[in-house]
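For reference, the structure discussed in these notes is given below.
In the UniProt record's numbering, the protein residues as written are 1 to 735.
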């Protein structure tokens, strides 16, 4: 399912030096890969899971699931099966150990920078805030502004104490007067955390004031009240509570509750700190309430809620505030790619919304940031980033010339409201993240931190955009990254990557795991299929619900094009996808297995029918607008059943090699999805997974300590996971 968090890598983290000189030559040693091939010719027997047929009827359809018992993830039999799968995967890949070591060192080298860089600072309330890394984690710090080298560093939080607890910091937020440092600790695999408070005037945690099961939180302006959301058993944040510092959580006041099972609740401060917004959003509709951030909670009075606009199917909106107007980003009035409107405080309803910024059909507004005199609009044009600067006084607007074309733009923290300068960063395929300041009045762009990769010549590589014709004459954008001058002779190894769901775009971003492949002559192909929002809201709508198969046929069209035009051939074509992207790649196993040599499915949503038939699972009800409700509608049931990878595994067909990963603590895509998928592949073909019949091997790797986002902020572990996956690809494709 959806993936809201990215796996960003800290380029300043300390890394061990290479161990031995000979390792760097492993990737060029053809005989080494030949030995890998020989090693794989003698395979141990894969685990065969027990079959316990579970027959159920839906809308008169009979469905037999012989591995539904795996859905009880506490069953000792299931845990033993995980161990067998992990042992088998280890045996099948033990001869890639040296290759994995080499790949790990290569990625570590790409994360080094030529010089030690000072931390980036954020200015707020007379302080310079920054984070730095040590050998054990992140350290949150601040110094008084304007003191230069004489300023004394104040450590707000040293996260070293979390290193041995499988936990990390989810969010930090200072009180408005900057005297209390609030932070949530998220335990590995969990979606909620415990909220802690540190008194910066005394340097100690506020005693007896830890809040449990917190999803998100914001401060009120009295510096003593926080509002926070809590989820239900289905991981849906549904309640908002108010908490007074120094009082027990049992005394907290319920402010808001959303009973609609398809609606998430979140809370946000407006940029001018005047209001707190309570956002009750489904995947296709919005409802926003506001609270006066200055409301006095000292007497326990519940703050009044003010509704902006009642929820209406298909209408989404997001609210900020400036002076005496609400600024609203919305898709109302057939503005599928969103527009910016404003309305007076006293008249927040839709009938009073006045258009400020509308975009072309090839553009889509993704976010806004308000300042005293300007609004910054982050948008996409033909799937590529654009930043627009709108003068709130003159109503003039200009576009910022970005230093990169193929990139991802990330807004900075930009805590200051009274400023002419804002900060953003750029993430591009062949360079570390760079940071820029832009003066909205002088229209001057200034580099804050731009640093090259260590001993890497980006001019040897190229990034280009092509278009591929798919069914119905639709043109699919594809981003290609590769070494310059490669021959289009059909012999280039290619890795396709895509997501294609929830309107999430597949971005041309910096991914350290791409570099070992690029250096070995691989082509990276990002397929911007329908279901994402690269080309706006209609692009997303065309890849969901009863049009979901467009996502798969788009991906196939791109693969066929890469073969037809001589970029590669099916024996050198691989693909990878995560979560809902894993569903996409998993569908290739039954739709076009002849097109691919190797597939990696990371925490894949491969049994969507079982998931969507069970409303008690986390997120199922919330996901109905994306996939449909097969319990209520037989047409939806039949449609999901027609593409679900788990329900369409054919008998005895030659398959590509497949690596499936999972996390036992995954609360979004339960680990039974991939394990049932692998078990049924082996049940449908007893040779599946062994490679003994000439088809590919099938491996499942389960991390028993991790959740949906894998290693999270543990950089070294993330690199090891990537090295394992890369070694699998190379050993299967470059045989």
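Here a beta-carbon is modelled for each residue, glycine too, at the ideal position from N, C-alpha and C.
Taking residue 124 as the centre and dropping the five residues before and after it, the same chain places the C-beta of 415 closer than 6 Å to its C-beta, in chain order. Take residue 307, set aside five residues on each side of it, and the residues of its chain with a beta-carbon closer than 7 Å to its own are 289, in chain order. Burial state of residue 418 is exposed, judged by a 10 Å Cβ sphere holding fewer than 16 other Cβ atoms.
In the structure shown, residue 355 adopts extended strand secondary structure according to DSSP, grouped into three states.
If you compare the alpha carbons of 730, 89 and 271 with that of residue 675, the shortest gap goes to 89. Boundaries of the beta strand (DSSP E) around residue 219: 216 to 219. Under the DSSP assignment, residue 556 falls in the alpha helix (DSSP H) whose first and last residues are 549 to 564. Residue 319 has its alpha-carbon roughly 13 Å from the corresponding atom of residue 310.
For residue 324, the number of other beta carbons within 10 angstroms of its own is below 16, and it is reported as exposed. Between the alpha carbons of residue 398 and residue 455 lies a distance of about 37 Å.
Residue 194: member of the beta strand (DSSP E) spanning 193 to 199, first to last residue. DSSP, read as helix, strand or coil, puts residue 271 in coil. If you look at residue 436, you'll find it in the beta strand (DSSP E) that goes 431 to 439. By the C-beta criterion, the stretch 226 to 246 is judged to be in contact with the stretch 619 to 627, since at least 3 inter-stretch pairs fall below 8 Å.
Relative to the Cα of residue 225, the nearest Cα in the group 266, 163, 182 and 215 belongs to 182. Under the 10 Å beta carbon count, residue 118 is surrounded by fewer than 16 other beta carbons and is classified as exposed.
For residue 481, the enclosing beta strand (DSSP E) begins and ends at 475 to 483. By the 16-neighbour rule on beta-carbons within 10 angstroms, residue 312 is exposed. Pairing residue 442 with residue 317, the inter-Cα distance amounts to about 32 Å. According to the DSSP assignment, residue 734 belongs to no beta strand (DSSP E), since it is labelled neither H nor E.
Going by DSSP, residue 122 is part of the beta strand (DSSP E) stretching over 122 to 124.
Its chain contains 324 as the residues whose beta carbon lies nearer than 6 Å to that of residue 345, once the 5 sequence neighbours on both sides are disregarded; these appear in chain order.
Contact between residue 111 and residue 727 does not hold, since the beta-carbon distance rounds to 19 Å and is not under 8 Å. The residue among 706, 636, 696 and 538 with its C-alpha nearest the C-alpha of residue 668 is 706. Counting only residues of its own chain and dropping the five nearest sequence neighbours on each side, residue 722 has a CB closer than 6 Å to the CB of 513. For residue 494 and residue 231, the gap between their C-alpha atoms comes out near 42 Å. Shown here, residue 182 sits in a strand according to DSSP, grouped into three states. Secondary structure at residue 579: coil, using DSSP grouped into helix, strand and coil. The three-state secondary structure of residue 232, taken from DSSP, is coil.
By the criterion of a C-beta distance shorter than 6 Å, residue 462 is surrounded in its chain by 484, once the five residues flanking it on both sides are discounted. In the displayed model, residue 254 falls within a strand according to three-state DSSP.
Around the CB of residue 735, fewer than 16 other CB atoms lie within 10 Å, so the residue is classed as exposed.
Taking every protein chain shown into account, the CB of residue 155 has fewer than 16 other CB atoms within 10 angstroms, so this residue is exposed. By a beta-carbon distance limit of 8 Å, residue 179 does not contact residue 214. Their separation comes to about 21 Å. Setting aside the 5 residues that flank it on each side, residue 302 is surrounded in the same chain by 253 and 255, each with a C-beta closer than 7 Å to its C-beta; the list follows chain order. Counting the other Cβ atoms within 10 Å of the Cβ of residue 248 gives fewer than 16, which makes it exposed.
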